[in-house]
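Okay, structure first, notes after.
Number of protein chains: 2
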Amino acid sequence: MSQSTYTVTGMTCGHCVSSVTEEISELSGVSDVAVDLATGAVTVTSTEPLPENAVRGAVEEAGYQLVNA
Amino acid sequence: MSQSTYTVTGMTCGHCVSSVTEEISELSGVSDVAVDLATGAVTVTSTEPLPENAVRGAVEEAGYQLVNA
Numbered sequence: 001m002s003q004s005t006y007t008v009t010g011m012t013c014g015h016c017v018s019s020v021t022e023e024i025s026e027l028s029g030v031s032d033v034a035v036d037l038a039t040g041a042v043t044v045t046s047t048e049p050l051p052e053n054a055v056r057g058a059v060e061e062a063g064y065q066l067v068n069a
Numbered sequence: 001m002s003q004s005t006y007t008v009t010g011m012t013c014g015h016c017v018s019s020v021t022e023e024i025s026e027l028s029g030v031s032d033v034a035v036d037l038a039t040g041a042v043t044v045t046s047t048e049p050l051p052e053n054a055v056r057g058a059v060e061e062a063g064y065q066l067v068n069a
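Here the protein sequences come in this chain order: H and F. For what it's worth, UniProt numbering labels the leading residue of the first sequence as 1, then goes sequentially. For what it's worth, UniProt numbering labels the leading residue of the second sequence as 1, then goes sequentially.
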């Protein structure tokens, strides 16, 4: 099991949280996505470590930006 | 044809605009809903003047607030 926390900018409301959660959840091996709207922290739990590019792609697909670690 | 502009607070993004537009569009006689996210102005076009309570109910159903005129 792997867990990583990313920072996403641009989310302003619960709809934004839902969009990001939905896109990241579609990535292979993801079992949980937890978003803190106030801070932009997105914690992703997956069976194996995820390539950051995959997470970035999902976030951008939802219409938001992943901050470089 | 009747057109009225209301002010709605709490909308922060395009998803919020969509939710408000969708709920107000379901009111009987409404033919157009135009939302300005920056100002919260919502202009509703309808075949007959709408009771403000109907518009208020739709806005609240979407999860936002109508400012008293």
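Every residue gets a Cβ at the ideal spot worked out from N, C-alpha and C, and that includes glycine. On a predicted model such as this, the values are computed, not experimentally measured, just so you know.
Taking all protein chains shown into account, do 16 or more other C-beta atoms lie within 10 angstroms of the C-beta of residue i, making it buried, or fewer, making it exposed?
i	result
Met11(F)	buried
Val67(H)	exposed
Glu52(H)	exposed
Ala62(F)	buried
Glu60(F)	exposed
Ala58(F)	buried
Glu26(H)	exposed
Thinking C-alpha only, which one of the options is nearest residue i?
i	options	result
Thr21(F)	Thr45(F), Ser2(F) and Met1(F)	Thr45(F)
Val30(F)	Pro49(F), Ser19(F) and Ala38(F)	Pro49(F)
Thr47(F)	Val33(F), Val8(F) and Val59(F)	Val33(F)
Cys13(F)	Asp36(F), Tyr6(F) and Asn53(F)	Asp36(F)
Val17(H)	Val42(H), Met1(H), Ser28(H) and Ser4(H)	Val42(H)
Tyr64(F)	Thr9(F), Met1(F) and Gln3(F)	Thr9(F)
Ala38(H)	Ser28(H), Thr7(H) and Glu23(H)	Thr7(H)
Can you check whether the C-beta of residue i is within less than 8 angstroms of a C-beta belonging to chain H?
i	result
Thr9(F)	no
Thr43(F)	no
Thr21(F)	no
Thr5(F)	no
Thr12(F)	yes
Just list the residues that DSSP pairs residue i with in beta bridges.
i	result
Cys6(H)	It should be noted that the sequence gives Tyr, not Cys, for residue 6(H). DSSP output for Tyr6(H) lists Val42(H) as bridge partner(s).
Leu66(H)	Val8(H)
Ala54(H)	Per DSSP, none; premise fails for Ala54(H).
Val35(H)	Val42(H)
Val20(H)	For Val20(H), which the question treats as bridged, DSSP gives no partner whatsoever.
Val30(F)	Ser46(F)
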